[in-house]
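Presented below is the structure to which this report refers.
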Amino acid sequence: METIRSLQGIIAFVKIADSGSFSAAAQALGVSKSHISKTISLLESDLGVALFVRSTRKVQLTSVGERFLETCRQSLQNLDSAKKEILDLSNTPRGVLRVTLAGIFGEEYIAPVVIDMAKRYPDLKIELDFSSRVVDLIEEKFDVAIRIGHLENSSLLATKIASRVEYVVASKAYLSAAPSLKEPEDLANHNCIGERSSWSFRKRGKSFHVPVKGNFKCNNPRVLQKAALSGLGIARLPGSYAFEDIKKGRLISLLENFSEGRKDIWAVTPIRHKQNINVKIFIQEVKRHLSDDYADVLF
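Each residue of the sequence shown is one higher than the last, beginning at 17 in the working numbering.
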């Protein structure tokens with residue numbers, strides 16, 4: 017507190033010396049004249065000397081005040097220089113950036129951004145953690161997580177970076193020998209591969225679940241993609257796994273009229289990291305990358 021009070025006194029002292037008036041200094045600093053007078057009195061008391069000769073007409077520096085003024089000006093200039101240096105540093109990513117993400121979306125669409133950042137900012141150390149579990153960002157000291165769908169933790173700050181659609185798909189070979197499939201309930205007659213025992217759909221604005229079963233369980237979307245391409249059965253895949261195969265005709269998109277629609281993809285950070293330059297640049301670059309190169313892709 018003593019240091020802060022002294023600094024306030026020095027700032028007021030230099031402002032009075034430059035303006036030649038307590039009133040002008042008070043106006044420039046946005047405080048009252050009485051506050052300025054009290055601040056200078058406390059500074060003079062701490063120093064044990066008078067800095068100004070006061071009269072009804074003007075304020076003049078004492079000889080000690082003149083010498084003190086030069087020292088104070090230099091000190092304030094040093095503080096301004098130090099502040100500018102910190103601000104310059106804060107505009108360049110450096111230190112550590114820890115990101116948790118999962119799957120092909122992270123591999124294909126986030127990793128290239130991170131690799132480019134590592135090239136451009138050699139003082140930035142980046143750690144990518146690929147994990148399908150829900151990571152506690154604060155407890156495990158992560159800066160950013162890539163998450164999909166509804167978010168519940170209000171202690172986190174979320175920025176939308178893209179949208180995701182899940183596709184129900186199968187190969188032409190499978191469909192040519194399989195029963196008819198017009199409604200989600202028809203899935204009961206099909207080999208539905210994957211780890212989930214029910215799939216969700218939407219009809220007339222309402223969500224509903226349909227039980228599914230099959231002879232191949234797996235929690236890896238890339239493996240399910242391969243299984244669907246082989247003709248094993250029907251899979252439910254994120255767009256980042258299914259989009260190209262649908263586009264090129266290797267997989268057929270099914271039950272599109274019952275799609276749940278888009279789910280948002282978020283870059284999530286602890287609120288305290290809101291001004292962290294590493295996080296800000298990362299999110300900025302990810303959004304630019306996805307907007308420029310993948311505008312038509314629903315991941």
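All C-beta atoms in this analysis are idealised placements derived from N, C-alpha and C, irrespective of residue type, glycine included.
Taking the alpha-carbon positions, what's the Val115 to Arg252 distance?
Their Cα atoms are separated by approximately 27 Å.
Taking one C-beta from the segment 123-143 and one from the segment 183-197 each time, how about it: are there three or more such pairs within less than 8 Å?
They do not touch, by the three-pair rule.
Assign Thr108 to buried or exposed, taking buried as 16 or more other Cβ atoms, counted over all protein chains shown, within 10 Å of its Cβ.
Exposed, since its Cβ has fewer than 16 Cβ neighbours within 10 Å.
So, is Asp152 buried or exposed, given that buried needs 16 or more other C-beta atoms within 10 angstroms?
Per the 10 Å Cβ criterion, exposed.
Please determine if the segment 284-296 and the segment 222-242 are in contact, where contact requires at least 3 C-beta pairs separated by less than 8 Å.
The segment 284-296 is not in contact with the segment 222-242.
Mind checking whether Gly210 and Leu240 have CB atoms under 7 Å apart?
Contact: yes.
Starting from Gln291 and walking both ways along the beta strand (DSSP E), at which residues does that stretch end?
Unbroken run through Gln291: none, as it is neither H nor E.
Environment of Arg163 [buried if 16+ CB atoms lie within 10 Å]
The residue in question, Arg163, is buried, as its Cβ has 16 or more Cβ neighbours within 10 Å.
For Pro200 and Glu155, I'd like the C-alpha separation in whole angstroms.
Taking the straight line from one Cα to the other gives about 41 Å.
Determine contact between the segment 291-302 and the segment 127-141, defined as no fewer than three beta-carbon pairs at a distance below 8 Å.
Flag = yes, the segment 291-302 and the segment 127-141 touch.
May I ask you to report which of helix, strand or coil DSSP gives Ser187?
If DSSP states are grouped into helix, strand and coil, Ser187 belongs with coil.
Pro254 by DSSP, collapsed to three states: which one?
Strand.
Limits of the beta strand (DSSP E) - the one that Ala334 falls within
With the chain covering 17 to 315 only, the question about residue 334 has no answer from this structure.
Taking 7 Å as the threshold (C-beta atoms), are Ser256 and Ile126 in contact?
For the pair Ile126 and Ser256, the CB atoms are not nearer than the 7 Å cut-off.
Excluding sequence positions up to five away, which residues of its chain have a Cβ less than 7 Å from the Cβ of Arg238?
If we look at Arg238 and ignore the five residues flanking it on each side, its Cβ neighbours are Ile120 and Tyr257.
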